[in-house]
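Written out below as structure tokens is the structure these notes cover.
Residue numbers (this note's numbering): 207 to 443.
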């Protein structure tokens, strides 16, 4: 399932892409795969500055660079990939935001990193494929956590129906309130979206939530290890 971003497509200096089950690493980004930093995503809020190809960044869930030819990606399977770029493509960033990172402020951390040197109004942000409120059912405790931590957002924005969180909507609201120049939230749901194939419709994305439900019924069902989607961008050399 191809997902295009009008915001990022308008920046000639960039290549970007969002992975799916057919191409975990987007075709547009594959030539730069070896330049991507080594990392361990831990659902945290650390933003790593990347200054050289294949840099070892340790534990981090956000990445920032001004260097052309260095691919920044995050791995997701229901969590939010959020791609950031200056409007001229001279600097880029990406974050992996599951519910923990979103609640703990990883988007705010990326905004702080950018704002150390630049105005957020000169940047755009695009939210990629992730779990949507149509499918993302959680506990009462977790919905209450988000309602308490986001008192300025209407409850209907956080939780469109009881026990279903709108993670992309929450992220978009955060990005807009922080002052980014443009915010895009057009991506499909990783849990339920289908793509048409020769043998009929199939799920378009790897989904941790969908896979967990299947494994609860059939423990022999394979896990998703090694099958997460890459989403990211690179400043063209």
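Every residue gets a Cβ at the ideal spot worked out from N, C-alpha and C, and that includes glycine.
Would you identify the three-state DSSP class for residue i, choosing helix, strand or coil?
i	result
residue 175	Shown here, the chain extends from 207 to 443; a query on residue 175 therefore has no answer.
residue 346	helix
residue 417	helix
residue 441	strand
residue 256	coil
residue 306	helix
residue 423	helix
residue 331	strand
Have a look at residue i and residue j and give me their C-alpha separation to the nearest angstrom.
i	j	result
residue 339	residue 266	26 Å
residue 412	residue 433	7 Å
residue 355	residue 241	37 Å
residue 381	residue 405	40 Å
residue 364	residue 309	11 Å
residue 435	residue 357	32 Å
residue 229	residue 210	15 Å
residue 295	residue 312	22 Å
residue 217	residue 293	7 Å
residue 299	residue 316	8 Å
residue 351	residue 305	10 Å
Here's the rule: buried if 16 or more other CB atoms are within 10 angstroms of the residue's CB, otherwise exposed. What is residue i?
i	result
residue 220	buried
residue 427	exposed
residue 402	exposed
residue 246	exposed
residue 424	exposed
residue 335	buried
Considering Cα atoms alone, identify which of the options is closest to residue i.
i	options	result
residue 281	423, 376 and 226	226
residue 301	382, 328 and 333	333
residue 259	271, 417, 276 and 288	276
residue 409	400, 417 and 416	400
residue 318	391, 290 and 296	290
By the DSSP assignment, the beta strand (DSSP E) with residue i in it spans what residues?
i	result
residue 242	Taken as a continuous stretch (DSSP letters only), residue 242 belongs to no beta strand (DSSP E), as it is neither H nor E.
residue 220	220-224
residue 402	400-403
Taking the continuous alpha helix (DSSP H) assigned at residue i, which residues delimit it?
i	result
residue 314	312-321
residue 363	361-364
residue 382	373-384
residue 215	212-215
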